[in-house]
Amino acid sequence: MSHEQTSLAFRENSVRALEDSALRAAMKQATDTFGAKRTDAFAPVADLEALRDRASAIRDDVLANLSMYVDRFVASATRAGATVHVAGDAAAAREIIRKILADRGARRIVKGKSMVSEEVDLNSHLEAAGMEVVETDLGEYIIQMEGETPSHIIVPAIHKNRRQVGKLFADRLGVPYSDDPQVLTKIARKALREKFLSADAGISGANFAAADTGSLVLLTNEGNGRMVTTVPKLHVAILSIEKMLPSLADLPAFLRLLPRSATGQTITSYVSVITGPRKAGDATGAKELHIVLLDNGRTRILAGESRDILKCIRCGACMNVCPVYRTVGGHAYGWTYPGPMGLILTTLLTGMAKSHPLVDASTLCGGCVDVCPVRVPLVDLILGLRQRKVRDRFNDPRERRGMEAFGKAVASPALFALGQRLAVAFWPLVRALGGKDVAGRMPAPAKIPLRRRLP
Amino acid sequence: MSAADRGRLFLENAAKAAAGTHSVSGTGDLPAVLGQVVAIDSPVYCPGVTELEKEAATLFPNRVSGYASAAVTVEEVFGAIAETGTLVCSSEGSRAVQAGLLPAHHVAIVRRDRIFDTLDDFFAAVAAAPPTNITLVTGPSRTADIELTLAIGVHGPERLDIILV
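If you read the sequences in order, they're chains H and Y. Just so you know, we're using the working numbering here: the first sequence kicks off at 1 and counts up by one. Just so you know, we're using the working numbering here: the second sequence kicks off at 456 and counts up by one.
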């Protein structure tokens with residue numbers, strides 16, 4: 001299934017979301033729970049601010065030296081026996097992966113959760129090539145069955161309630177209806193176990209890549225990530241270039257921050273560190289490991305004024321606190337990444353022309369900045385994009401003309417005073433014609449302007 | 456941290472992550488604890504490679520040779536991390552790390568002298584030359600993908616028991 005970007009319709013998408021009471025209830029419950037769990041999880045952490053400083057500094061160093069770390073990763077991963085591919089854009093990544101799979105006759109593919117694979121719309125490309133691609137993360141499995149996209153980067157099916165999932169499983173899998181998450185989870189376990197054992201290849205993402213050892217690091221809870229990366233004989237990992245860490249020894253800071261920020265866990269159930277494919281004497285690992293490093297505009301972002309968004313480690317904490325995300329949910333943003341980090345990344349990756357309404361999807365309250373574990377200056381980045389939106393003339397033409405007129409008026413005291421007198425004179429007319437839609441939203445102009453009242 | 460404190464902290468944190476925790480003073484006590492956590496006649500995969508595994512393996516009459524068809528895996532793991540209550544499974548020494556993943560019940564034996572204090576200590580020790588696969592395991596497999604309701608045992612084990620020796 002292919003998913004067209006609908007970010008330009010953010011306003012219409014939001015209105016639709018606001019009318020969906022089931023969605024609003026699910027969003028409220030989920031984001032409240034996440035927020036509370038996150039707070040509890042960080043409570044016992046001493047020196048949290050120092051930990052955030054350290055993680056932030058490591059991510060700064062990665063961005064300052066990204067091409068060096070990517071080169072180092074490619075060399076180390078190759079030395080460890082992996083084949084590394086660099087994909088300039090989404091189309092290149094899709095084609096590299098299709099070819100790896102097709103050349104080896106792989107037709108049955110099991111997939112772990114990967115937002116980067118969503119970004120490049122990998123599944124539809126592989127399905128068009130006649131391959132069966134099964135999402136194995138429970139949330140992804142649910143939305144794949146429904147033909148939807150993730151609405152949250154950590155819990156992709158956050159917008160669905162248990163009754164909707166129960167009905168979906170009953171319809172599609174022919175199992176008796178249940179709305180018990182425990183029962184539904186066991187149904188998925190059974191259905192997917194067969195897929196794991198018969199798969200020709202596994203596709204995964206990665207949370208981090210250690211440049212010094214060429215290792216991929218995956219944080220998971222369900223165990224599907226472990227299945228995908230160790231059970232089939234071929235493992236293909238796709239990740240974006242900024243997932244680098246200088247060294248595997250840098251990982252602990254991120255293991256302390258990412259799960260707590262994402263789900264309120266001290267650590268995820270599983271952390272897999274994969275260094276190359278299975279070697280002589282090994283009894284673990286895919287026989288062949290291919291790593292696809294995706295650029296897709298990141299090198300360009302790195303050279304620009306919004307580069308700090310690339311520090312992001314995809315924990316989702318910023319969306320859970322965002323008043324806009326909490327109200328409208330992830331689908332309204334119309335592309336892969338929602339919430340504060342998502343609106344920034346979407347605008348940068350897909351271009352202002354395809355996404356400019358998103359830069360207004362923020363109250364600038366700064367809640368996101370407070371919770372970001374790696375200190376991404378999200379509000380500054382959003383303000384920067386708003387300036388760019390105006391500069392690139394994507395703002396409303398009426399707003400533009402109004403601001404131009406206002407600019408001229410404030411530059412001339414005489415013109416400004418005239419405007420003030422006209423405003424007072426015409427106010428009764430404006431109020432009569434505009435009704436409460438206009439007059440109700442604006443304060444009445446002062447009879448005596450402030451500047452004349454000041455000494 | 457003293458060895459006793461380290462062991463205590465490890466078990467305490469592992470229990471918080473919903474692992475079953477057991478502690479024995481020596482190899483001699485291992486059979487009694489294994490008898491409590493595993494039905495003796497169940498199909499058990501036990502590699503039988505390390506001394507502790509050899510000791511454990513003799514208890515189970517229905518050992519299976521492949522972990523994919525086992526109900527339980529009983530194995531000694533590489534080590535543990537006290538800070539997070541985490542088991543360290545490693546592919547080093549021809550170990551099949553996925554043996555602790557496929558069966559519904561994973562029984563991990565850890566030697567007391569193999570506990571690292573913190574994540575930093577562990578990664579500092581392995582970062583220079585990591586084996587093909589290191590998997591940190593903290594509690595059983597879980598998800599909260601449906602209404603953020605915790606469900607245990609998705610694709611990995613629904614039960615994890617740790618025996619500290």
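Think of the CB as a built atom: it goes at the ideal place given N, C-alpha and C, for glycine as much as any other residue.
Output, in chain order, the set of chain Y residues within a Cβ distance shorter than 7 Å of residue 285 of chain H. What residue 285 of chain H touches in chain Y: 546, 587 and 588.
Contact list for residue 561 of chain Y against chain H, beta-carbon separation under 9 Å: The premise fails here: residue 561 of chain Y is roughly 10 Å from chain H at the closest Cβ pair, so nothing lies under 9 Å.
9 Å Cβ cutoff met for residue 492 of chain Y and residue 477 of chain Y: yes
So what's residue 327 of chain H in DSSP terms, helix, strand or just coil? Three-state DSSP puts residue 327 of chain H in a helix.
What first and last residue would you give for the beta strand (DSSP E) that runs through residue 152 of chain H? Looking at the DSSP string, residue 152 of chain H is not in any beta strand (DSSP E), and its letter there is neither H nor E.
If we ignore side chains and look at the alpha-carbon of each, how far apart do residue 64 of chain H and residue 507 of chain Y end up? When the Cα atoms are used, residue 64 of chain H and residue 507 of chain Y turn out to be separated by approximately 49 Å.
The beta strand (DSSP E) that contains residue 235 of chain H, what's its start and end? Here the beta strand (DSSP E) through residue 235 of chain H covers 234-240.
Contact list for residue 578 of chain Y against chain H, beta-carbon separation under 8 Å: 248, 249, 251 and 252
Does chain Y have any CB closer than 9 Å to the CB of residue 2 of chain H? Low confidence applies here, because residue 2 of chain H scores a pLDDT of 45, under 50, leaving its location unreliable; read the following figure in that light. Chain Y contact via Cβ: absent.
For residue 453 of chain H, report the span of its alpha helix (DSSP H) as first-last. 450-453
Considering only residues of the region 542-614 of chain Y, which uninterrupted alpha helix (DSSP H) runs meet the minimum length of 4 residues and lie entirely inside it, listed in chain order? Counting whole runs of 4 or more residues, the region 542-614 of chain Y contains the alpha helix (DSSP H) stretches 574-581.
Coil, strand or helix - residue 356 of chain H by DSSP: helix
By the three-class DSSP mapping on this structure, what secondary structure does residue 343 of chain H have? In the structure shown, residue 343 of chain H sits in a helix (DSSP, three-state: H, G or I).
Please report the distance separating the alpha-carbon of residue 535 of chain H from that of residue 5 of chain H. As shown, chain H starts at 1 and ends at 455. That puts residue 535 of chain H outside it, with no answer to give.
Between which two residues does the beta strand (DSSP E) containing residue 270 of chain H stretch? 270-274
Cβ contact check for the region 467-482 of chain Y and the region 573-582 of chain Y: 3 or more pairs under 8 Å: Counting Cβ pairs under 8 Å, fewer than three are found: no touch.
Opening and closing residue of the alpha helix (DSSP H) in which residue 402 of chain H lies: 397-410
Answer with buried or exposed for residue 44 of chain H, where buried requires no fewer than 16 other C-beta atoms within 10 angstroms of its C-beta. exposed
Determine, for residue 549 of chain Y, whether the minimum Cβ-Cβ distance to residues of chain H falls below 9 Å. Using beta-carbon distances, residue 549 of chain Y counts as an interface residue toward chain H, with a partner under 9 Å.
Rounded straight-line distance, which links the Cα of residue 204 of chain H to that of residue 141 of chain H: 14 Å
Would you say residue 154 of chain H and residue 39 of chain H are within 9 Å of each other, going by their C-beta atoms? no
For a quick check, are the C-beta atoms of residue 535 of chain Y and residue 529 of chain Y less than 9 Å apart? no
Local conformation of residue 101 of chain H per DSSP, three classes: helix
Counting C-beta neighbours from all protein chains within 10 Å, is the total for residue 398 of chain H 16 or more, i.e. buried, or is it exposed? exposed
Would you give the residue range spanned by the beta strand (DSSP E) that residue 52 of chain H belongs to? That residue, residue 52 of chain H, is in no beta strand (DSSP E); its alpha helix (DSSP H) goes 48-64.
At 7 Å on the CB atoms, spell out the chain Y contacts of residue 266 of chain H, in chain order. 539
Rounded to a whole number of angstroms, what is the C-alpha to C-alpha distance between residue 179 of chain H and residue 143 of chain H? 16 Å
Kindly indicate if chain H contains any beta-carbon less than 9 Å away from that of residue 525 of chain Y. no
Helix, strand or coil for residue 379 of chain H, going by three-state DSSP, please let me know. Here residue 379 of chain H carries a helix assignment [DSSP, helix/strand/coil].
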